[in-house]
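Trainee: Pasting a structure here, questions to come.
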Amino acid sequence: DNGLRPPVQHGQNDPEIALNRKNALFAGSDGGAENWATIASLIETCKLNGVEPHTNLADVIARIVAGHPQSQIDDLLPWAYRPMPLNAVA
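In this note's numbering, the protein residues as written are 3 to 92.
Take a look at the structure:
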């Protein structure tokens, strides 16, 4: 042992991400792989920020379809996300 240790890589012990990485090999196309990577990134970012991914993605899509202002799109990112109040839901 020369006292040198390899650098720790972020996520190297995360079996869930490793499994998903293997599944990405079967995306079907480059575009499909890019879409998968985008969604996987959003899901993991939600988890890291204590936001339930399915609820977040459904709410964010509904808000965008309903005309959420493009100038306020940063409000929908997982680290800034606040669920829409129930009385605001039509």
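Cβ coordinates follow ideal geometry from the N, Cα and C atoms, glycine included.
The structure presented is a predicted model; accordingly, all values stated were derived computationally and were not measured.
Where does the unbroken alpha helix (DSSP H) through A35 begin, and where does it stop?
Mentor: Sequence index remark: in the sequence shown, residue 35 carries index 33 (1-based). Where A35 is concerned, the enclosing alpha helix (DSSP H) stretches over D32 to L50.
Trainee: Please determine, among D32, G69, S73 and V53, the residue with the shortest C-alpha to C-alpha distance to Y83.
Mentor: On the sequence shown, position 81 is the one that residue 83 refers to. For Y83, the nearest C-alpha among the options comes from V53.
Trainee: Determine the extent of the alpha helix (DSSP H) in which H56 is found, giving its start and end residues.
Mentor: Locating residue 56 in the sequence shown gives position 54, where the first residue counts as 1. P55 to V67 is the extent of the alpha helix (DSSP H) around H56.
Trainee: Take the Cβ of V67 as the centre, count every other Cβ of all protein chains shown within 10 Å, and call the residue buried at 16 or more, exposed below.
Mentor: Against the sequence shown, residue 67 aligns to sequence position 65. The residue is exposed, with fewer than 16 neighbouring Cβ atoms inside 10 Å.
Trainee: Could you say if the region 68 to 81 and the region 36 to 55 meet the contact criterion of at least three C-beta pairs nearer than 8 Å?
Mentor: yes
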